[in-house]
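J.: Position 263 of the sequence shown, counting from 1, maps to 270 under the numbering used here, and the rest follow consecutively.
Got a structure for you, questions after.
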Amino acid sequence: MPLDIVVGAQWGDEGKGRVVDLLSESSTLVARYNGGDNAGHTVTVGEKIYKLHLIPSGIIHTNTIGVLGSGMVLNLETLVEESAMLRAAGVSITPERLWISDAVQLITPAHRLLDSVQDSALGAAKIGTTGRGIGPAYVDKVSRHGLRAGEILDLEAFAARVRAHFAEVDHILTDWYHQPGLDTETLLKEYLSCAAELRPYIRRIGPLVQSAIQKGQTVLAEGAQGTLLDVEQGTYPFVTSSCTTATGVFSGLGLGVQPVRSVVGVMKAFQTRVGAGPFPTELQGESAAFLRGSGANPWDEYGTTTGRPRRVGWLDLVLLKYAHEVNAFSELFLTKLDVLSGLNEIPVCVAYQRGGKKMDTLDFSGDARLLAQCTPVYETLPGWQAKLGACRNWTDLPKEAQAYIQFIEAKIGVPVRTISVGPERSAMIRRS
Ligand code: IMP
Numbered sequence: 008m009p010l011d012i013v014v015g016a017q018w019g020d021e022g023k024g025r026v027v028d029l030l031s032e033s034s035t036l037v038a039r040y041n042g043g044d045n046a047g048h049t050v051t052v053g054e055k056i057y058k059l060h061l062i063p064s065g066i067i068h069t070n071t072i073g074v075l076g077s078g079m080v081l082n083l084e085t086l087v088e089e090s091a092m093l094r095a096a097g098v099s100i101t102p103e104r105l106w107i108s109d110a111v112q113l114i115t116p117a118h119r120l121l122d123s124v125q126d127s128a129l130g131a132a133k134i135g136t137t138g139r140g141i142g143p144a145y146v147d148k149v150s151r152h153g154l155r156a157g158e159i160l161d162l163e164a165f166a167a168r169v170r171a172h173f174a175e176v177d178h179i180l181t182d183w184y185h186q187p188g189l190d191t192e193t194l195l196k197e198y199l200s201c202a203a204e205l206r207p208y209i210r211r212i213g214p215l216v217q218s219a220i221q222k223g224q225t226v227l228a229e230g231a232q233g234t235l236l237d238v239e240q241g242t243y244p245f246v247t248s249s250c251t252t253a254t255g256v257f258s259g260l261g262l263g264v265q266p267v268r269s270v271v272g273v274m275k276a277f278q279t280r281v282g283a284g285p286f287p288t289e290l291q292g293e294s295a296a297f298l299r300g301s302g303a304n305p306w307d308e309y310g311t312t313t314g315r316p317r318r319v320g321w322l323d324l325v326l327l328k329y330a331h332e333v334n335a336f337s338e339l340f341l342t343k344l345d346v347l348s349g350l351n352e353i354p355v356c357v358a359y360q361r362g363g364k365k366m367d368t369l370d371f372s373g374d375a376r377l378l379a380q381c382t383p384v385y386e387t388l389p390g391w392q393a394k395l396g397a398c399r400n401w402t403d404l405p406k407e408a409q410a411y412i413q414f415i416e417a418k419i420g421v422p423v424r425t426i427s428v429g430p431e432r433s434a435m436i437r438r439s
């Protein structure tokens, strides 16, 4: 069955855009099933760099249809802007090529304001959200008074619902948080104008995706964020508010459980994290600066959405094993191996010490409080000096780089099928 799922195996920013771009060449539908414009996927095609937050990055291929599934939260303004940016770059965005689920929840400017105010109010305990309104929009969804895209089809009734929502948030902002209120009429006008523009794109998605699968067309489900940010299985409470793991695909696209052809876990050759929360292998100082890069290149470790420097650290195989446990990866896609060139030795975390006990698998579900008590146990592998950017075959890699990959495979029990060694589309090695 041609359903392929691409999932981040760490804390997001693993380079999923690359993988999706590659797999989209042979896909008909490319679908996002979780999250919103907190995500940022960078795709480099020749001279052009596309930074996408909402529209699945596979849309850049002319053979695909982009799908925004019901598990997402959709900022209408971002979607209008992103569509215009893609059109200006020559990518066709029409209701035939982009489908929005009628059940997708909407993010409003009021959710965005609330997100920043509420996260700041947590003080030292703050999560460090992207400020995109993700949490408040999902809160409205589960408390059952969220706005859904399908409501836009009756614009008059929709306007009344948005007005009531603005009034409610205005009340929370002013009375509870003592913040300035909303400029409701201006916000409403802009919001409704975006809604009207996107109206022709709204559809019931589930049957369309199901029918594509039945016809043998390939459906690529593109996960946003990463496993460790999953609201249930991630490092709670330092997580996002959606289901980022492979299992979110079915509810997030309104699809019955289907046989899956592949679950591709995308992992970096080291570990990164944006925002707060425990990070056992985190580095500071020179080693951190080495892994992060200077910021001069778009692929250095600075957030695509917020521009924040990412926290960096050595590869953590205890967490990768956990990610495999909750996703059942059929293969791994390893990115940024080239960044490790120049190190004499490379520590890899293979176990944790906690309370006098050594463990090589997590004996709890993500829980940030427990993870914060874990100290990494490293094995040190030999590094390599050669630059990898020109490698295109397994045999082009230095034997130490091959050994690094084989070490990961042996510990996780999943083959590393693809390795990326540079930002360009062609800079990768496929293994049979
Ligand atoms: P939120 O998703 O904006 O609510 O943020 C919650 C946490 O998830 C914060 O630590 C964010 O930095 C993190 N986060 C959200 N989206 C991404 C992403 O696309 N990449 C990496 N981290 C993310």
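The beta carbon of each residue, even a glycine, is placed where N, CA and C say it ideally should be.
#1: Is it buried or exposed for residue 94, if we count other Cβ within 10 angstroms and need 16 for buried?
#2: Taking the alpha carbon of residue 419 as the reference point, which residue from 434, 327 and 354 has its own alpha carbon closest?
#3: I'd like the span of the beta strand (DSSP E) that includes residue 201, first residue to last.
#4: Would you report the Cα separation of residue 204 and residue 38, rounded to the nearest angstrom?
#5: Any heavy atom of ligand 3 closer than 7 Å to the Cβ of residue 137?
#6: If we count Cβ pairs, one from each stretch, closer than 8 Å, do we get three or more for the region 66-73 versus the region 134-143?
#7: Just checking residue 16 against ligand 1 - is the residue's beta carbon closer than 7 Å to any of the ligand's heavy atoms?
#8: Can you tell which of 345, 233 and 305 has the C-alpha that lies nearest to the C-alpha of residue 19?
#9: Within its chain, find whatever has a CB closer than 8 Å to the CB of residue 55; leave out the 5 residues flanking it on each side and keep chain order.
#10: Quick check: what's the CA-CA separation for residue 176 versus residue 117?
#11: Identify the continuous alpha helix (DSSP H) that holds residue 57 and give its terminal residues.
#12: Could you check what DSSP says for residue 429 in three-state terms: helix, strand or coil?
#13: Should residue 161 go down as buried or exposed, given a rule of 16 or more other Cβ atoms within 10 Å for buried?
#14: Please work out which residues of its chain come closer than 8 Å, Cβ to Cβ, to residue 32, disregarding the five sequence neighbours upstream and downstream, and give them in chain order.
#15: Using DSSP bridges, identify the partner residues of residue 82.
#16: Report the residue from 15, 10, 9 and 11 whose alpha carbon sits nearest the alpha carbon of residue 237.
#17: Roughly how many angstroms separate the alpha carbons of residue 104 and residue 90, rounded to a whole number?
#18: Would residue 65 pass as a contact of residue 122 if the rule is Cβ separation under 8 Å?
#19: Which value, in whole angstroms, describes the spacing of the CA atoms of residue 282 and residue 127?
#20: Using the C-alpha atoms, what's the distance from residue 226 back to residue 10?
#21: Within 7 Å: the Cβ of residue 45 and any heavy atom of ligand 1?
T.: The relevant details are as follows:
#1: Its Cβ having fewer than 16 others within 10 Å, residue 94 is exposed.
#2: Here the closest residue by C-alpha is 327.
#3: Bounds of any beta strand (DSSP E) do not take in residue 201; it lies within the alpha helix (DSSP H) bounded by 191-205.
#4: Going by the C-alpha atoms only, they are around 21 Å apart.
#5: With respect to ligand 3, the structure shown offers nothing to examine, as its ligands consist of ligand 1.
#6: No: fewer than three Cβ pairs fall under 8 Å.
#7: Not so, every heavy atom of ligand 1 lies at least 7 Å from the Cβ.
#8: Out of 345, 233 and 305, 233 has the C-alpha closest to the C-alpha of residue 19.
#9: Excluding residues within five positions, the ones whose Cβ falls inside 8 Å are 96.
#10: When rounded, the separation of the alpha-carbon atoms in residue 176 and residue 117 is 6 Å.
#11: Here residue 57 belongs to no alpha helix (DSSP H); instead the beta strand (DSSP E) covers 55-59.
#12: Residue 429 falls in the coil class under three-state DSSP.
#13: Sixteen is the threshold: since fewer than 16 other Cβ atoms of the shown chains lie within 10 Å of the Cβ of residue 161, the residue is exposed.
#14: If we look at residue 32 and ignore the five residues flanking it on each side, its Cβ neighbours are 68 and 70.
#15: Residue 82 pairs with 114.
#16: Comparing Cα-Cα distances from residue 237 to each of 15, 10, 9 and 11, the minimum goes to 15.
#17: Our two residues, residue 104 and residue 90, have alpha carbons roughly 11 Å apart in a direct line.
#18: No, Cβ-Cβ distance for residue 65 and residue 122 is not below 8 Å.
#19: So the two alpha carbons sit approximately 13 Å from each other.
#20: Going by the C-alpha atoms only, they are around 5 Å apart.
#21: Checking the Cβ of residue 45 against ligand 1 gives yes.
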